[in-house]
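Colleague: There's a structure below that I have some questions on.
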Amino acid sequence: MLFAINCLDVPNSLALRKQARPAHLARLEQLKNEGRLILAGPYPAIESNDPGEAGFTGSLVVAEFESQEAAQRWADADPYIEAGVYASVSIKPFKHVLP
Numbered sequence: 019m020l021f022a023i024n025c026l027d028v029p030n031s032l033a034l035r036k037q038a039r040p041a042h043l044a045r046l047e048q049l050k051n052e053g054r055l056i057l058a059g060p061y062p063a064i065e066s067n068d069p070g071e072a073g074f075t076g077s078l079v080v081a082e083f084e085s086q087e088a089a090q091r092w093a094d095a096d097p098y099i100e101a102g103v104y105a106s107v108s109i110k111p112f113k114h115v116l117p
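So this is what it looks like as structure tokens:
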């Protein structure tokens, strides 16, 4: 089943994100290579594809997991968690309708 993993950053998280980003992206690449990743990306803090020093306010990952518990375990192991980037993480079942 698909799950949406919605993560909200702590204030001023950009430096923490930059440090943990390679490991974070490696985990997303693994989901992609397994055919389980639908989409992933950050929420820019300003209306721009490249927010620069304004940074980001969170992230969204939509991917396939066996259960909500499995999605939670995956999210709990994210390098951004260990680096202190995320203030909160919520996980909900997701129904892909379009496109």
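Residue numbers for the sequence shown follow this note's numbering, beginning at 19 and rising by one. Glycine included, every Cβ here is placed at the ideal spot set by N, Cα and C.
Can you find the residues in the same chain that come closer than 8 angstroms, C-beta to C-beta, to Pro40, ignoring five residues on each side of it along the sequence?
Modeller: Nothing listed; no residue qualifies.
Colleague: Can you list, in chain order, the residues of its chain whose CB lies under 6 angstroms from that of Arg35, leaving out five sequence neighbours each side?
Modeller: Hits under 6 angstroms: Val103.
Colleague: Determine the direct distance from the alpha carbon of Lys50 to that of Ala89, and round the result to whole angstroms.
Modeller: Going from the Cα of Ala89 to the Cα of Lys50 covers about 15 angstroms.
Colleague: For Ala95, name the three-state secondary structure that DSSP assigns.
Modeller: DSSP places Ala95 in coil when its eight states are reduced to three.
Colleague: Do you know whose CA, among Gly53, Leu55, Pro69, lies nearest Asn30's CA?
Modeller: The option with the nearest alpha carbon to Asn30 is Pro69.
Colleague: Contact check, Ala101 vs Ala38 under 8 angstroms by CB: the rounded distance?
Modeller: Right, the Cβ-Cβ distance comes to about 4 angstroms (below 8 angstroms), so this counts as a contact.
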